[in-house]
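> My numbering applies: residue 68 is where the sequence shown begins, and numbers increase by one. C-beta atoms are modelled at their ideal positions from N, C-alpha and C, and glycine is treated no differently. Computed from a predicted structure; not experimentally measured. Quick one: this structure, given as structure tokens, is what I'll be asking you about.
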Amino acid sequence: MTESTQSTEVLERIQLEALVSIKAYIPEDAMTASLLGTERTGHGVRIRDDGLIVTIGYLINEAEEIWVTTEDGLSSAAFVVGNDFRSGLALIKPTLPLPGPSMPIAETDEIKVGDAVVIAASTESEPQTVDAQVLARQEFAGRWEYLLEEAIFSAPPHPSWSGAALMNLEGELCAIGSLVIQGFEIRGDQRTVNMSVPVQT
């Protein structure tokens, strides 16, 4: 059994209960509706015992209604606590108590190129977890006037990346999934990768 496989089994038993599904509804006349849609689904991670959840900001940007569902199938409406357009991360909180553990946050600076990581999404995704490797840590510039200085690029990509948790082998949250990028060049090779936003930005 490899270290990565062993870590995934631990995460499935303990840490994955901190993951939630997110569904957001956006008005048709919202500025981002034509680009990102009016019904958005993704994932989030409970990071505090009071229910605070971190996710990727574009999932809930301009939302008029947000719903969160736990691994046990419990659902609640949620509201936006903060949306940091500089980093691309957002914080939301359910209006009702949803029982479950929180995920500890790692020191993101400790994640280096070559490190083994686990990317995990809520139970609605298949597969739920992907064993991956950090291929690069570098600047990412989005066409929507977005600049991230130390984005984390990893492969193989998780097929349900929006708001997914990127964790180290200790089960600590390092980053939140943002994009899948095809044709990402690594040492002359073209790879399909996930771009994740460090939670310590």
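(1) Where do the N-terminal and C-terminal ends of the beta strand (DSSP E) with Leu119 fall, by residue?
(2) Give me the DSSP bridge partner(s) of Ser221.
(3) For Gln267, name the three-state secondary structure that DSSP assigns.
(4) With DSSP collapsed to three states, give me the class of Asp176.
(5) If you reduce the DSSP assignment to three classes, tell me which class Gly140 lands in.
(6) Let me know the secondary structure DSSP gives Ala208 once reduced to three states.
(7) Quick one: residues in its chain with C-beta nearer than 8 Å to the C-beta of Thr99, no 5 flanking neighbours on either side, listed in chain order?
(8) The alpha helix (DSSP H) with Ala100 in it runs from where to where?
(9) Would you call Gly109 buried or exposed, if buried means 16 or more other Cβ atoms sit within 10 Å of its Cβ?
(10) Run through DSSP, which three-state label would Gln249 get?
(11) Once DSSP output is grouped into helix, strand and coil, what is the label at Leu163?
(12) Please return the same chain residues whose Cβ sits closer than 6 Å to the Cβ of Ser143, not counting the five positions on each side in sequence.
(13) Within the chosen definition, does the region 225-235 reach the region 248-256 through at least 3 CB pairs nearer than 8 Å?
(14) Just to confirm before moving on: does the CB-CB distance between Ser192 and Ala85 stay below 8 Å?
(15) Helix, strand or coil: which one does DSSP assign to Glu84?
(16) Kindly identify the DSSP beta-bridge partner or partners of Ile133.
(17) Name the DSSP bridge partner or partners of Tyr213?
The short version:
(1) On the sequence shown, position 52 is the one that residue 119 refers to. No beta strand (DSSP E) holds Leu119; DSSP gives it neither H nor E.
(2) As a working note, residue 221 is residue 154 in the sequence shown. Under DSSP, the beta-bridge partners assigned to Ser221 are Val201 and Asn261.
(3) Along the sequence shown, read from residue 1 onward, the residue named residue 267 stands at position 200. It is coil, neither helix nor strand.
(4) Translated into positions along the sequence shown, residue 176 becomes position 109. In the three-state scheme derived from DSSP, where H, G and I count as helix and E and B as strand, Asp176 is classed as helix.
(5) In the sequence shown, residue 140 corresponds to position 73, counting from 1. Three-state DSSP puts Gly140 in coil, outside helix and strand.
(6) Taking the first residue of the sequence shown as position 1, residue 208 is located at position 141. Ala208: strand per DSSP, three-state reduction.
(7) Here residue 99 is taken as the residue at index 32 of the sequence shown, counted from 1. Answer for Thr99: Ile93, Tyr125, Asn128 and Glu129, listed in chain order.
(8) Along the sequence shown, one-based indexing puts residue 100 at 33. It spans Ala100 to Leu103 - the alpha helix (DSSP H) in which Ala100 sits, taken as one unbroken run.
(9) As a working note, residue 109 is residue 42 in the sequence shown. Around the beta carbon of Gly109, a 10 Å sphere encloses 16 or more other beta carbons of the protein chains shown; the residue is thus reported as buried.
(10) Reading the sequence shown from its first residue, position 182 is the one you call residue 249. If DSSP states are grouped into helix, strand and coil, Gln249 belongs with the strands.
(11) Taking the sequence shown and counting its residues from 1, the one referred to as residue 163 is at position 96. Leu163 falls in the coil class under three-state DSSP.
(12) On the sequence shown, position 76 is the one that residue 143 refers to. The answer, listed in chain order, is Val135, Pro161, Thr162, Leu163 and Leu165.
(13) Verdict: no, contact absent.
(14) For the purposes of this step, residue 192 is taken as residue 125 along the sequence shown, with counting starting at 1. For the purposes of this step, residue 85 is taken as residue 18 along the sequence shown, with counting starting at 1. Taking the C-beta atoms as reference points, Ala85 is found no nearer than 8 Å to Ser192.
(15) Within the sequence shown, residue 84 is the residue found at index 17, counting from 1. Of the three classes helix, strand and coil, the one that applies to Glu84 here is helix, per DSSP.
(16) The count along the sequence shown starts at 1 and reaches residue 133 at position 66. In DSSP, Ile133 forms a bridge with Ala91 and Ala145.
(17) Numbered from 1 along the sequence shown, position 146 holds the residue referred to as residue 213. DSSP lists Gly209 as partners of Tyr213.
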